[in-house]
Amino acid sequence: MMRSMYSAVSGLRVHQTKMDVIGNNIANINTVGYKRQSVTFQEVFSEVIRGASAPQGGRGGTNPQQIGLGVSVGSINTIHTKGAAQRTDNPEDLMIDGEGFFVVSADPNLENRYYTRAGNFTLDRDGNLVTADGYKVLGYRIDENGDLTSEVVPIQVMRSETVAPTATSRIEFRG
């Protein structure tokens, strides 16, 4: 009797965890860059109450009997699928199409780096592209020839600077 009660209680507990995750998904439906989560269950170790027997006297043997001891949360997984694109009319808002993250840092030495897919950025008074929390968005420095270097720096956008447009000279079709 107690085993069945424990099994039922463990089922209720993991179901409550699943409901909490679903509630969190619903609460964050309008959060920029939020990735939904899902719960997987796993069974708790089973107890063997009768072992298997070998064939005897021309008759087949018997399989072991096991009793499950309930369930537990196996994992809570974050689903990293692409969200829907939305027009915001903010020229600093960006979206990653495919895999990857924006790298951001609030550290003046840029050593503590964090990753986000939320692209709701603005410019600070120095022209740095920043998150809503003030973290600077980082990117690779470009040298005077227009080539990427290995140095990671805050992305700066100077509205007063302009670049002359050039005609497209190459198109690549995929698909």
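Take the position in the sequence shown, starting the count at 1, then add 5; the result is the number in the numbering used here. Even for Gly, the Cβ is constructed at its ideal location relative to N, Cα and C. Since the structure is predicted, the reported quantities are computational estimates derived from the model, not experimental observations.
Out of the options, point me to the one whose CA is closest to residue i's CA.
{"i": "residue 122", "options": "139, 46, 38", "result": "38"}
{"i": "residue 24", "options": "96, 44, 169, 9", "result": "44"}
{"i": "residue 93", "options": "148, 60, 74, 124", "result": "124"}
{"i": "residue 55", "options": "66, 62, 71, 173", "result": "71"}
Roughly how many angstroms lie between the CA atoms of residue i and residue j, to the nearest whole one?
{"i": "residue 118", "j": "residue 112", "result": "8 Å"}
{"i": "residue 126", "j": "residue 171", "result": "27 Å"}
{"i": "residue 157", "j": "residue 114", "result": "11 Å"}
{"i": "residue 155", "j": "residue 146", "result": "7 Å"}
{"i": "residue 153", "j": "residue 131", "result": "22 Å"}
{"i": "residue 138", "j": "residue 99", "result": "16 Å"}
Could you give the C-beta distance for residue i and residue j, rounded to a whole number, given that I count them as a contact under 8 Å?
{"i": "residue 78", "j": "residue 19", "result": "5 Å"}
{"i": "residue 47", "j": "residue 83", "result": "That belief does not hold up - the Cβ atoms of residue 47 and residue 83 are roughly 18 Å apart, past 8 Å."}
Around the C-beta of residue i, are 16 or more other C-beta atoms found within 10 angstroms, so that it is buried, or is it exposed?
{"i": "residue 134", "result": "buried"}
{"i": "residue 15", "result": "buried"}
Looking at the unbroken beta strand (DSSP E) that takes in residue i, where does it start and where does it end?
{"i": "residue 147", "result": "141–147"}
{"i": "residue 155", "result": "153–159"}
Tell me, please, whether the CB atom of residue i is closer than 8 Å to any CB atom in chain C?
{"i": "residue 160", "result": "Here chain C cannot be found, since the structure has a single protein chain."}
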